[in-house]
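These notes are about the structure you will find just below.
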Amino acid sequence: MQAAQTRDIPVLEFPKLTALKTERWLVGVHLIVAFSALSLGLLMGPFQAFRRAPALQWDIPIFSYYYQALTLHGVLNALVFTTFFIVGFSYFVTQRTLQRPLASIRVAWAAFVIMLVGLVLAAFAIVTGQANVLYTFYPPMVAHPTFYLGLTLVIVASWMAGGDIFFTYAAWKRDHKGETVPLAVYATLTNFIMWITATIGVAVEVLFLMLPLSLGLVQTTDPQVARIMFWFFGHPLVYFWLLPAYTAWYTMMPKQNGVRLFSDGLGRVAFLMIMLFSIPIGVHHLFTDPGVSEVAKLFHALLTFVVALPSLLTAFNIAATLEWAGRKRGATGLVGWVFKQQWGNPVMAGMITGMLIFIIGGLTGIMNASFTLNLALHNTTWVPGHFHTTLAGGVFLTYMGIFYWLMPFLSGRKLFAPRLATAQVYLWFIGMLTFGLAMGRAGIEGAPRRTDAGAAAYISEAAVPWLNLTAVAGVILLISSILLYIVILGTLFASKKQEKADAEPPIDTKAPADDPSPSIFENWRVWMVVIVISNLVMWGPVLIQALDFTKGFIIFGFHPNAPIPLK
Amino acid sequence: MHIDKFERYWIVAASLMLGAFFAALIASTIVFGVHLPDPAGRINPADVEDWTNQGFATPGLRDMGDNHYEAHIVAQMWLYNTGDVVDGVPTVRVPQGAVVTFNVASKDVTHGFYIEYHNVNIMVIPGQISRATVTFNRPGTYRIVCHEYCGNGHHNMNAQVIVEPSA
């Protein structure tokens, strides 16, 4: 049905310097919801640091119960903000790159509405204190049914968005037989294939384990099985956040610097490898679980090291591209190009500081994945220290870099106070580096993560100065957050209207003709088979070992407030 | 698809580096004997204090002879039952040099079991027995903390290992 429709739609010429009305609203509302959710989620961050710092031990405003604030922080920032931002951004990239509207604009709007309803349902449960289960919601702890229902709707809607993008690509492919799809859309496709595969795990967990338990339809569950399903999803989740940032580095940063990407082909290899290797490695989140064998842990550790390779490829490709850009501006010598970057431009500053902090995020990630070394790190504050340099560092700073050209382009208004935006980026960079360092060191000294240290019966003396340092980082990040919202509100309400944007969006509508990539890269059937087989091999035995075939599910649910089973 | 000469060198170097890292991990297990938790059996949380599970019915330390000890610990919202309490803190008292195998089981939700400055870091998942073996070489008091969120009183859930110096 959709295919028939798209054939009739003429290929649109997207105006270079203005946004079409449809794209302005569709992409715009996703960003508005994303940044509205983020405003509350962000606020919880610094105040948790103030709460945990032994020198302060302040109560968190609005949500004074620590674990409620933590749930809100995780769900709003890591699940809601990211999903809305990524879906909106992916629509924009797909339409602009392929120069055609989405296969179905109705499906896209339906997906948005479902996602919004999901957000409201989940937020209701959290805000009313009925879902103090953190964003990993490990059973047998049970939250209000609307929490699980809300998350399910967000996931289902993201499938609809992914499907819409695929049909758009398929229609483009029919009109451009034998052509290679531009890298930005290639990256978006790998991201959604990975995402849809991975979310099957959490969807099964939520629909068949958590929701029935929460509704009282069943009374028992199995926490080990649920954790396995969650982490089938959990690791690709972090790549789902990362790939849009990589998309900006690979396909937009070169254009914003007036150069081409160093190697388009190896860019494709990187995205392909991440799509294939980000799922069959998730047991590295279960290294200390009693119900998973050490052999499975070793194999997943091995493949985790393989998935580090595309990021190392990225480091070379992007650095080489930036070097070209620097030399084009007249840089000489071995490192002269470093100083010839657009350090004062909020768009480039966001992306480059994102790349720099992501080096630390990547290295600490390899340390986490290091099998036995994980014993020293697991569930200490080291882990949030790590993922604040990846998600809240490299990914978020790059999203800021995207946002600072995308928002003016969509709204048709000049970016408000660009210097403030640049200051926001650097403050965030410094704040998050400090936070990562402080959390990492506190973790080495034994400070547990996800713990209301302000009320704790114990605190390791050696961790005290580092926990206090996280509060200093919190101050810097709070200032940066305030600047971000001044820039957003300023751009939308106090900035000059512009007839045309200052620059056209950094989108390549064609793959490089002089260096074609092997066509197998776009043979999605082959890669789907590889994904299915590799995950059956890597996850099948893990799941079978965890299932209790004689007794079934025997673990009763619990409310986080009382040690009484919910019978 | 063209691949630049330097990029090829980079790929080889990066692969060798990752290979070396992985070899180091294998060495940590085979040469130095550091292990991640492996399945150690199942236990129904409702039966943790049942007489049939003798270890967990009477939590505490047992001397297995030859400097080896076995500890059974029950984790529950929001405390550890180690069978011994010192100054209000659940305690495991061992002599210096003791090799202790910890067996931990949960009565309710998922907990953590982490001993600071030692290679003991396990999830305590209801339905599973969590097991870890460690040698206490240095005298002192080491905190045991629950490092997985387990509800309201999570931040109060802790215990300690007191390693008494050998005479």
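First to last, the protein sequences are chains D and B.
In this text, residue positions in the first sequence follow the numbering used here: the first is 8, and each later residue adds one.
In this text, residue positions in the second sequence follow the numbering used here: the first is 191, and each later residue adds one.
For glycine and all other residues, C-beta sits at the position ideal for the given N, C-alpha and C.
- Closest by C-alpha distance to D/A424, out of D/Y411, D/F416 and D/I527, is D/Y411.
- In this structure, the beta-carbon distance from B/V294 to B/V314 falls below 7 Å.
- If you ignore the 5 residues before and after D/D296, its C-beta comes within less than 7 Å of the C-beta of Q231 and R234, all in its own chain and listed in chain order.
- The distance from the Cβ of D/G368 to that of D/G400 is about 6 Å, consistent with a contact at the 8 Å cut-off.
- When C-alpha distances from D/Q552 are compared across B/M267, B/A322, B/G231 and B/H337, the shortest belongs to B/G231.
- Taking the Cα of B/S205 as reference, the smallest distance to any Cα among D/P415, D/T175 and D/F312 is reached at D/F312.
- CA-CA distance, D/K180 to D/W534, rounds to 18 Å.
- D/Y98 and D/L283 have their alpha carbons spaced roughly 23 Å apart.
- Using a CB distance cut-off of 7 Å, B/R333 counts as an interface residue toward chain D.
- Annotation for B/T242: no alpha helix (DSSP H) segment contains it, and DSSP assigns it neither H nor E.
- Per DSSP, the unbroken beta strand (DSSP E) holding B/Y332 starts and ends at G330 to V335.
- Excluding five sequence positions before and after D/P146, the CB atoms of its chain that fall closer than 6 Å to its own CB belong to T228, P230 and A233, given in chain order.
- Assignment of B/Y307 by DSSP, reduced to helix, strand and coil, places it in the coil class.
- Looking at the DSSP output, B/A322 shares a beta bridge with B/F292.
- In the three-state reduction of the DSSP assignment, D/F119 falls in the helix class, which pools H, G and I.
- When only Cα atoms are considered, D/I93 and D/V127 end up about 19 Å apart.
- Nearest CB-CB separation between B/G302 and chain D: below the 7 Å threshold.
- Rounded to the nearest whole angstrom, the C-alpha separation of B/R328 and D/E452 is 17 Å.
- The beta carbons of B/Y339 and D/Y74 sit about 7 Å from each other, so the pair counts as a contact at 8 Å.
- Between D/F306 and chain B, the shortest Cβ-Cβ separation is not below 7 Å.
- Between the beta-carbon of B/D228 and that of D/S300 there is about 6 Å, and that keeps the pair under the 8 Å contact cut.
- As computed with DSSP, D/F563 is found in a beta bridge with D/T227.
- Rounded to whole angstroms, the Cβ separation of D/L49 and D/N84 is 7 Å, and the two are in contact under 8 Å.
- Under the 10 Å beta carbon count, D/P68 is surrounded by fewer than 16 other beta carbons and is classified as exposed.
- Under the DSSP assignment, D/E330 falls in the alpha helix (DSSP H) whose first and last residues are E301 to K335.
- Using a 10 angstroms sphere on the CB of D/P287, the tally of other CB atoms reaches 16 or more, which defines it as buried.
- Look at the region 260 to 286 of chain D: the residues with a C-beta under 7 Å from a C-beta of chain B are S270, G272 and L273.
- Counted as a single uninterrupted DSSP element, the stretch harbouring B/G255 is not any alpha helix (DSSP H) but the beta strand (DSSP E) occupying residues G250 to G255.
- With its beta carbon at least 7 Å from every one in chain B, D/D515 lies outside the interface.
- Using a Cβ-Cβ cut-off of 7 Å, D/E301 is close to H225, L226 and D228 of chain B, given in chain order.
- The beta-bridge partner set that DSSP reports for B/E260 consists of B/R252 and B/T291.
- The Cβ of D/T195 sits no closer than 7 Å to any Cβ of chain B.
- Using a CB distance cut-off of 7 Å, D/S377 counts as an interface residue toward chain B.
- Membership of D/I571 in any alpha helix (DSSP H) is not indicated, and neither H nor E is assigned to it by DSSP.
- Per DSSP, reduced to three states, the secondary structure at B/E354 is strand.
- Contact between the region 438 to 453 of chain D and the region 475 to 485 of chain D is present: three or more C-beta pairs spanning the two stretches fall below 8 Å.
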